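Asks: Residue numbers (the UniProt record's numbering), protein chains in the order written: chain A, 1 to 436; chain B, 1 to 436.
Where a beta carbon is used, it is the ideal one built from N, C-alpha and C, also for glycine.
Since we're looking at a predicted model, the values are computed, not measured.
Protein chains: 2
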Amino acid sequence: MAVHTVATTPATPSQDAPAVDLGPAVALSCRECGERFPLGPVFACVSCFGPLEVAYDLPTGDPQALRAAIEAGPDNIWRYAPLLPVPADVATKPSLNPGFTQLVKADHLAAELGVTGGLYVKDDSGNPTHSFKDRVVAIAVEAARAFGFTTLSCSSTGNLAGAVGAAAARAGFRSCVFIPHDLEQGKVVMAAVYGGDLVGIEGNYDDVNRFCSELIGDPLGEGWGFVNVNLRPYYGEGSKSLAYEIAEQLGWRLPDQIVIPVASGSQLTKIDKGFKELIALGLVEDRPYKIFGAQAEGCSPVSTAYKAGHDVVRPQKPDTIAKSLAIGNPADGPYVLDIARRTGGAVEDVDDAQVVDAIKLLARTEGIFAETAGGVTVGVTRKLVEAGLIDPSLTTVVLNTGDGLKTLDAVAPTTGPTATIRPDLDAFRAAGLATS
Amino acid sequence: MAVHTVATTPATPSQDAPAVDLGPAVALSCRECGERFPLGPVFACVSCFGPLEVAYDLPTGDPQALRAAIEAGPDNIWRYAPLLPVPADVATKPSLNPGFTQLVKADHLAAELGVTGGLYVKDDSGNPTHSFKDRVVAIAVEAARAFGFTTLSCSSTGNLAGAVGAAAARAGFRSCVFIPHDLEQGKVVMAAVYGGDLVGIEGNYDDVNRFCSELIGDPLGEGWGFVNVNLRPYYGEGSKSLAYEIAEQLGWRLPDQIVIPVASGSQLTKIDKGFKELIALGLVEDRPYKIFGAQAEGCSPVSTAYKAGHDVVRPQKPDTIAKSLAIGNPADGPYVLDIARRTGGAVEDVDDAQVVDAIKLLARTEGIFAETAGGVTVGVTRKLVEAGLIDPSLTTVVLNTGDGLKTLDAVAPTTGPTATIRPDLDAFRAAGLATS
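1) Out of curiosity, what's the CA-to-CA distance linking P63(A) and L215(B)?
2) So with Cβ pairs under 8 Å, would you call residue 491(B) a contact of chain A?
3) Please classify F211(B): does DSSP put it in a helix, a strand, or coil?
4) Between Y194(B) and chain A, is the shortest Cβ-Cβ distance under 8 Å, so that the two count as touching?
5) Based on Cα-Cα distance, which residue from D311(A), P82(A), V380(A) and N76(A) lies nearest to P24(A)?
6) Starting from the Cα of V90(B), find the closest Cα among T116(B), D134(B), P51(B) and E142(B) and give me that residue.
7) The beta strand (DSSP E) with R341(B) in it runs from where to where?
8) Using the DSSP secondary-structure output, state which residues sit across from D218(A) in a beta bridge.
9) Compare the Cα-Cα distances from L384(A) to each of T372(A), V398(A), A373(A) and E371(A) and report the closest residue.
10) Just how far apart, CA to CA, sit P288(A) and G50(A)?
11) Could you check if T8(B) is buried or exposed, using at least 16 other CB atoms within 10 Å of its CB as the buried criterion?
12) Taking P315(A) as the query, report the chain B residues whose CB atoms sit under 7 Å from its CB, ordered along the chain.
13) At 7 Å on the CB atoms, spell out the chain A contacts of G238(B), in chain order.
14) Would you verify that the beta carbon of V411(B) is, or is not, closer than 8 Å to some beta carbon of chain A?
15) For G293(B), which three-state DSSP category applies?
16) Determine the direct distance from the alpha carbon of V86(B) to that of L22(B), and round the result to whole angstroms.
17) Who are the neighbours of D207(B) on chain A, taking C-beta pairs under 8 Å?
18) What residue from A146(B), T343(B) and P219(B) has the CA that sits closest to I258(B)'s CA?
19) Whose Cβ in chain B lies nearer than 8 Å to the Cβ of K360(A)?
20) Mark M1(A) as exposed unless 16 or more other C-beta atoms lie within 10 angstroms of its C-beta, in which case mark it buried.
21) Grab the span of the alpha helix (DSSP H) containing A146(A) for me, first residue to last.
22) For A169(A), which residues in chain B fall below 8 Å Cβ to Cβ?
23) Apart from the five residues on each side of it in sequence, which residues of its chain come closer than 7 Å, Cβ to Cβ, to L394(A)?
24) To the nearest angstrom, how far is it from the Cα of D349(A) to the Cα of V54(B)?
25) Inspect the beta-carbon positions of S156(A) and I179(A) and report whether they are closer than 8 Å.
26) Would you mind telling me which residues of chain E sit closer than 8 Å to T415(A), beta carbon to beta carbon, in chain order?
27) Excluding five sequence neighbours on each side, which residues of the same chain lie with their C-beta closer than 6 Å to the C-beta of T269(A)?
28) What residues of chain B sit near R210(A), judged by a beta carbon separation below 8 Å?
29) Within 8 Å (strictly less), CB to CB, does G172(B) reach chain A?
30) I201(A) to A192(A), Cα distance in whole Å?
31) Measure how close the beta-carbons of T415(B) and E371(B) come, nearest whole angstrom, since I'm counting them as under 8 Å.
32) For a contact meaning CB atoms closer than 9 Å, what does D286(A) contact in chain B?
33) Is H181(A) close to chain B? Criterion is C-beta to C-beta, closer than 8 Å.
34) Would you give the residue range spanned by the alpha helix (DSSP H) that G236(A) belongs to?
35) Hey, how far is the Cα of A161(A) from the Cα of D207(A)?
36) Excluding five sequence neighbours on each side, which residues of the same chain lie with their C-beta closer than 7 Å to the C-beta of G172(A)?
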């Protein structure tokens with residue numbers, strides 16, 4: 001039983017909604033057929049099996065007042081509570097409080113790439129567990145609270161497991177997360193240290209996912225919120241906060257161009273959704289923006305489809321160092337293609353050597369040590385500038401979604417001391433490094 | 001030639017000061033004899049070889065207006081520019097912009113420790129390179145700019161090297177940092193990835209330090225700012241920002257009790273200095289506070305002296321997993337003893353097993369994965385509560401100065417999956433984890 005065909009949990013229009021307060025969220029709606037369902041821990045449309053997403057009744061009225069209210073809010077994701085599926089008092093509940101990470105004006109990188117219109121890196125390694133996953137998990141936690149779940153869970157290849165474990169510990173949930181049994185020890189430690197139950201599954205990530213889908217449909221899984229399965233519609237909305245923050249940090253202005261990594265594709269679609277909401281609410285000027293997707297060549301189903309002019313994404317078997325992007329059958333791939341084409345963007349990929357080069361380029365120019373996914377976006381940005389698809393005279397934002405400390409292996413083989421010497425001045429002089 | 005006896009660089013009262021703008025900083029003064037010297041890249045008193053520290057002409061006037069100016073400032077260390085040795089326009093210069101990290105209300109940890117008066121963790125793992133070092137380096141960078149240095153340098157056992165490399169990259173300095181040649185590969189990668197020169201020294205950390213002192217006195221080192229040697233008086237001031245942030249985040253109030261890790265002891269003395277400044281400026285009420293120092297038993301020269309009632313700190317040979325605190329001959333040890341005794345605090349230590357337990361306790365209760373230094377402070381806090389030296393009915397702040405990702409080895413041997421199972425429900429049921 002695969003995730004997209006779980007028969008026990010699709011929503012039904014007739015189902016009674018629990019009386020939940022998720023702020024401006026009023027319903028779930030099917031992205032394919034538009035049918036609406038009450039808010040609940042469901043993720044697939046009963047009519048067409050399309051993915052469900054959160055529908056809102058967003059605040060109307062004076063945009064200036066809304067801007068002021070946001071600016072007076074906490075220095076984290078909850079400043080945008082009026083635009084997210086969370087109750088109004090969310091900031092008073094225990095949470096890792098992710099978000100409002102730095103938007104770094106990357107002048108040295110811009111000079112290297114020949115970008116003159118302003119280049120910014122949105123650095124999500126500043127989140128509590130050092131990846132953007134803290135954003136999406138934080139929203140899923142509030143949904144879990146609303147639905148009365150007491151255990152938080154997920155299937156993960158490592159990073160999400162840590163984010164869920166940490167968030168559950170802070171928020172006072174039990175956690176039980178599932179990973180392939182043969183992960184690297186570092187990732188296992190990061191997933192296990194928060195003290196929840198960590199279960200190694202004898203199989204690969206697909207086996208873990210399949211097992212989780214079975215567990216959701218079984219009495220054994222009652223009371224369990226799987227952040228990336230039955231809470232997925234809420235979880236995904238966390239990525240909208242990236243759009244809000246970027247616009248606010250640019251002075252309530254949309255970037256002209258943005259480069260976003262593509263794994264499942266969800267993040268890219270939610271950033272587009274966030275930009276559109278900001279325009280609809282009058283919080284930013286309605287100007288065109290171009291969205292670019294970035295993949296690693298070793299797992300490039302969406303960029304391959306984009307370049308071939310296809311609407312359908314053909315699955316690939318991943319083989320890349322950018323493991324956090326290694327989803328060979330991305331659920332939101334077709335939506336990514338649509339957004340890239342509609343906005344005048346593109347989807348591009350770089351090979352592993354280019355990923356490593358780009359990680360080092362970003363570190364050397366801006367002092368930001370990115371995860372491999374950040375190497376993908378920076379590398380793709382360079383490629384798109386060279387190809388003339390990114391206009392260097394316009395404002396460009398590049399996402400770094402994670403921290404280099406989590407993917408040290410990618411750069412370790414080619415990163416080391418310039419010299420090793422005896423502790424004396426003659427040896428240092430001989431090394432030729434004394435020019436300042 | 002050891003650091004404390006470098007003959008070529010002590011300050012002289014007659015020396016002409018460069019015309020530098022370091023904001024409210026007006027001079028250096030000797031902590032031992034009080035003699036004052038012009039601002040410059042010097043660190044030892046010519047008269048008594050005592051350590052120099054920054055003397056200020058701090059803002060006078062309405063505390064409410066100063067509070068408001070700070071609160072309207074950037075969400076980083078530069079909101080406190082009026083109280084730090086930096087020019088007023090510092091926030092416009094390229095910097096990693098560390099600081100204003102989360103002060104986490106740790107209710108679950110408080111419950112475990114029996115603290116009822118409010119327990120907070122100041123989590124400095126949220127800094128750009130994930131330790132408090134970003135604060136001190138950021139201040140040293142501004143001093144280097146003011147003195148016209150073009151190369152940033154340091155001696156390091158790893159973490160500082162990365163912080164300097166990253167800060168130099170962002171700020172547009174060349175960097176050349178020195179480490180013992182036999183560090184773990186992970187630390188070498190973190191130090192090297194920012195693209196500056198990284199020099200392995202065939203010797204231990206003392207050899208590296210000795211070499212750096214020679215280099216400062218040699219024409220080869222001209223134009224070089226060593227953040228923890230000739231820029232040390234400025235560098236150290238960065239730790240004052242921890243005091244300011246904690247007070248502001250508590251609602252402009254000092255904590256009753258604070259637990260601070262002790263390596264060289266500098267951080268603890270600067271937090272005390274910061275608290276005293278806040279009182280003198282009228283920014284907080286003048287109430288007593290107790291400062292507690294925390295060490296690892298395997299490197300506990302200061303807690304040993306404290307318990308023995310000594311004023312002198314006898315050097316030790318470090319042997320502990322808390323490597324970032326493993327300074328066997330702490331320069332500020334006597335000052336730490338003085339502050340702990342004067343404020344009614346204490347200096348205590350925990351063994352390596354207690355450090356590991358405390359790392360896990362903090363992760364499990366609050367979702368914060370701390371470096372070993374954070375295990376030391378949490379472990380010492382528990383010990384001090386049990387001993388009755390920390391009053392559980394009062395507000396207590398515990399510092400976490402770094403990130404668990406940097407010291408995975410400490411917890412790896414005892415942190416792993418709860419169970420490993422086949423991907424089916426029967427196997428999961430048999431594992432006995434399905435209670436929610």
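Replies: Judging by the given coordinates:
1) Computed Cα separation, rounded: 59 Å.
2) Residue 491(B) is absent from the model: chain B starts at 1 and stops at 436.
3) helix
4) Answer yes: the Cβ-Cβ gap between Y194(B) and chain A drops below 8 Å somewhere.
5) Closest in C-alpha terms to P24(A), from the list D311(A), P82(A), V380(A) and N76(A), comes P82(A).
6) E142(B)
7) From DSSP, R341(B) is part of no beta strand (DSSP E) but of the alpha helix (DSSP H) over G333 to T343.
8) In the DSSP output, where bridge partners are listed per residue, D218(A) has none listed.
9) Ranking T372(A), V398(A), A373(A) and E371(A) by Cα distance to L384(A) puts V398(A) first.
10) 29 Å
11) Only weak support exists for where T8(B) lies, its pLDDT of 43 falling under 50; the coordinates are left without a value.
12) The premise fails here: P315(A) is roughly 21 Å from chain B at the closest Cβ pair, so nothing lies under 7 Å.
13) What G238(B) touches in chain A: nothing, since even the nearest Cβ is about 16 Å away.
14) yes
15) The three-state reading of DSSP puts G293(B) in strand, counting E and B together.
16) 4 Å
17) P423
18) Proximity to I258(B) across A146(B), T343(B) and P219(B) peaks at T343(B), based on C-alpha coordinates.
19) V193 and G195
20) Because the pLDDT of M1(A) is 28, which lies under 50, any placement of that residue in the model is unreliable, and the number read from its coordinates should be weighed accordingly. Exposed, by the Cβ-count rule.
21) K133 to A146
22) H108, A363, R364, T365, E366 and G367
23) G117, D256 and Q257
24) 51 Å
25) yes
26) Note that chain E does not occur in the displayed structure, where the protein chains are A and B.
27) D332 and Y335
28) P423
29) yes
30) 14 Å
31) Going by Cβ atoms, the distance from T415(B) to E371(B) rounds to 15 Å, so no, they are not a contact pair.
32) Here the premise fails: no neighbours, minimum Cβ distance about 29 Å.
33) yes
34) R232 to E237
35) 16 Å
36) P94
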